[in-house]
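K.L.:
This is the structure I have questions about; it appears just below.
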């Protein structure tokens with residue numbers, strides 16, 4: 001089975017598995033973009049180098065204006081539409097919060113974390129194909145969790161029993177993803193993702209490193225995220241200074 005077929009199958013298995021999980025209040029809305037934005041996610045996976053990639057970036061879970069809209073990790077609209085040229089039709093979750101509508105590629109909001117992450121990649125790789133030659137970006141968990149107020153709730157804030165069930169299926173997917181693409185470097189975008197990679201990495205020679213998360217909730221990230229992340233990648237040997 002080809003690498004792209006393996007990654008596609010792993011994502012579909014993950015999507016089906018998380019749909020079987022139950023989440024209680026204060027979580028009242030759960031979006032699974034691997035379900036309603038599957039066509040877009042397939043177009044995204046198709047950009048992966050068929051031979052695998054050298055660097056895997058891993059985020060935590062989708063944001064309401066990023067992957068929740070586009071089916072692409074950190075999927076800021078302009079980057080997905082204009083740089084990756086993804087044009088698939090995107091549906092809607094069955095249970096949609098009125099304050100967090102899914103409008104797909106027509107969404108007028110911008111995911112700041114995605115704007116920062118993909119903005120850095122576009123500045124270094126003006127052509128998306130050149131980025132995907134050696135890199136890929138994934139999320140550990142594919143689900144968006146929201147409270148009744150539309151407040152976002154991250155996976156680490158779930159009750160222990162819910163978190164354990166979610167971890168089991170997400171770890172299995174991450175292991176399958178790493179086995180398929182065999183990266184030299186796995187980059188945790190933030191501490192949570194780094195810990196997931198360290199837990200699942202296995203016994204291979206893959207190096208796990210971490211970069212600052214681009215969230216606007218991080219005061220440090222708000223003081224020039226791109227230069228800081230770039231320096232972290234250079235220091236870890238993920239990127240070559242001669243290509244900066």
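Numbering (UniProt numbering), first residue to last: 1 to 244.
The C-beta atom is built at its ideal place from N, Cα and C for all residues, glycine as well.
1. Restricting to Cα atoms, I'd like to know which of 135, 67 and 136 is closest to residue 102.
2. For residue 144 and residue 62, which I take to be in contact (beta-carbon distance under 8 Å), what is that distance rounded to the nearest angstrom?
3. Does the distance from the CB of residue 52 to the CB of residue 181 come in under 8 Å?
4. Does the stretch 165 to 179 touch the stretch 70 to 87, meaning 3 or more C-beta pairs lie closer than 8 Å?
5. Relative to the alpha-carbon of residue 238, which residue among 177, 193, 188 and 200 has its alpha-carbon at the smallest distance?
6. For residue 155, which of 1, 6, 31 and 13 has the nearest alpha-carbon?
7. So, are the CB atoms of residue 135 and residue 13 less than 8 Å apart?
8. Short of 8 Å in beta carbon distance, which residues of its chain neighbour residue 175, apart from the five on each side in sequence? Order them along the chain.
9. The beta strand (DSSP E) spanning residue 31 covers which residue range?
10. Whole beta strand (DSSP E) runs in the stretch 161 to 221 with 3 or more residues, listed along the chain?
11. Considering only C-alpha positions, which residue in the set 9, 131, 229 and 20 is nearest to residue 38?
12. Going by Cα to Cα distance, which pick from 112, 92 and 45 is closest to residue 77?
13. At which residues does the beta strand (DSSP E) containing residue 57 begin and terminate?
14. In the DSSP assignment, what are the bridge partners of residue 144?
P.N.:
Per the coordinate set shown:
1. 67
2. 5 Å
3. yes
4. no
5. 188
6. 31
7. no
8. 200 and 202
9. 27 to 31
10. 185 to 189 and 207 to 211
11. 9
12. 112
13. 55 to 59
14. 31
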